[in-house]
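Just add 91 to the spot in the sequence shown (first one is 1) and you have my numbering.
Heads up: the structure comes next, in structure tokens.
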Amino acid sequence: LSVTFDEEVELGTIGTLQLMDGATVLKTYDLSVTADRTAFTLSADKKTLSWTVGLDLPLNTNIAVAVSAGFVKDEADNDFAGITAASGAWNFTTLNRIMVTSVAVPANATYRIGQE
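Structural data, given as structure tokens:
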């Protein structure tokens, strides 16, 4: 996931970012936890913050993102005010995808390259 700001930012010293499914917290990233902090990268222009979620999100689900105040700050040391999951400021819907676990081919079937 990534978010782009209109000015250069850096990670704050404290704060959390949460992925939410309604009232259920799916994942919390806490800047006071080294492994969570190092999961985030800034683009060369310092305007885009990116990270890999690292867990399977539920299918066909509206996910909201909550960011606490101070999670990022600008070059003038002003803290980002934060957003709540309930605000709807940042959300996305996961795909409704069924995982194929096996494929059966009829025993008598003959296939040529390029045929289905």
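Note that the Cβ used here is the ideal one computed from N, Cα and C, for glycine as well.
Given the structure is predicted, the values throughout are model-derived calculations rather than measurements.
Let me know if residue i comes out buried or exposed under the rule of 16 or more other beta-carbons within 10 Å of its beta-carbon.
i, result
"Ala-176", "buried"
"Gly-179", "exposed"
Quick one: grab the DSSP three-state call for residue i.
i, result
"Thr-125", "helix"
"Ser-178", "helix"
"Ile-154", "strand"
"Ser-93", "strand"
"Phe-131", "coil"
"Lys-118", "strand"
"Lys-137", "coil"
"Thr-104", "coil"
Compute the distance between the beta-carbons of residue i and residue j, then report whether it is under 8 Å.
i, j, result
"Leu-117", "Ile-154", "yes"
"Glu-98", "Lys-138", "yes"
"Ser-141", "Thr-132", "yes"
"Asp-112", "Asp-121", "no"
"Val-156", "Asn-182", "yes"
"Thr-125", "Gln-109", "no"
Please list, in chain order, all residues of the same chain as residue i whose beta carbon is under 7 Å from its beta carbon, the five residues on each side excluded.
i, result
"Pro-149", "Asp-112, Thr-185"
What does a CB cutoff of less than 6 Å around residue i pick up in its chain, not counting 5 residues either side in sequence?
i, result
"Thr-95", "Lys-138, Thr-139"
Taking residue i and residue j to be in contact with their CB atoms under 8 Å, please state how far apart those CB atoms are, rounded to whole angstroms.
i, j, result
"Phe-171", "Thr-107", "Rounded, the Cβ-Cβ distance is 12 Å, inconsistent with contact."
"Asn-217", "Asn-199", "Here the chain covers residues 92 to 207 and nothing more, so residue 217 does not appear."
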